[in-house]
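So for the sequence shown, our numbering puts the first residue at 99; every next one is plus one.
Glycine included, C-beta positions come from ideal geometry on N, C-alpha and C.
Treat the numbers as computed from the prediction; the structure is a model and nothing was measured.
The structure appears below as structure tokens.
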Amino acid sequence: MSTKRCSTPETDRTPKRPRHPHGDTGESHYAFSPAKNPPEHARNECPGHSSHAKAVEVDEAHHLPNSVTKPNIETWIGRVEGTASSSEGISDKSVTDVAVQTDSTTFPVDIYSVPYVKLSNRFAKVRRKCNDLHVDLDHAKLASEAGWTKFWRAEAECRELRKLVSEINKELLEARKAIDESTKELQEAREELDESTKELQEVREELDEVIDVKDSAVTDARFWRGKCIDMGGVPDIADHYDDYD
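Structural data, given as structure tokens:
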């Protein structure tokens, strides 16, 4: 069973057939066979088996010249492994002479695919970071709203407390005024008490004088009563005064 391969611009070029050692006969050593050389439409049909890619690579390696096959294969390997770049002397155009075989069809290897994948990965990472930053920003907004809500609630409570403190200060001021008035009244009462104390002291002094006068009078009365008794029968004063001592 012959191996079919896909058609590419480079592989479509039919290599020159070597001349027969006995070239005088005019007959070629390689006879044309429809099975070995299928028509153009048959060659364009690619089999779906993965081993076909290896067969195509071997067939191309045998039919293409060494000067063309080796650089193309090395370039293809470098692009597949992601090690080749335009800075290493590789052309920026798409290479289609050596194609990557898949189960369905062939497609050219684009040298921009590797940088595109890298940029796509970087873009995905940046987008994930942006999403994380948006999530953090949403959390920060929620925390900020909660903080502002607490702030305004505390501000309202502070205003109420300020009103209460103002009312208490007014009451305290009135109480201080009342205390001042009470202090004045107390001072006046103390002054009146001092005056009363002085008056009481004067009354006591006068009372003491009266008591002294009384004692002196009683003493004189007793003396003269004794004198009268001695002089002859003067009635006793106690008989006339019940409270006389």
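A direct Cα-to-Cα measurement between Asn267 and Arg260 gives close to 10 Å. Pairing Glu243 with Arg225, the inter-Cα distance amounts to about 26 Å.
A straight-line Cα-Cα distance of about 16 Å links Ala287 and Leu298. Take the alpha-carbon of Trp250 and the one of Asp234: they are about 24 Å apart. Note on geometry: alpha-carbon atoms of Leu271 and Val263 lie some 12 Å from one another.
Considered as a whole, the segment 284-322 harbours no complete run of any alpha helix (DSSP H) with no fewer than 4 residues.
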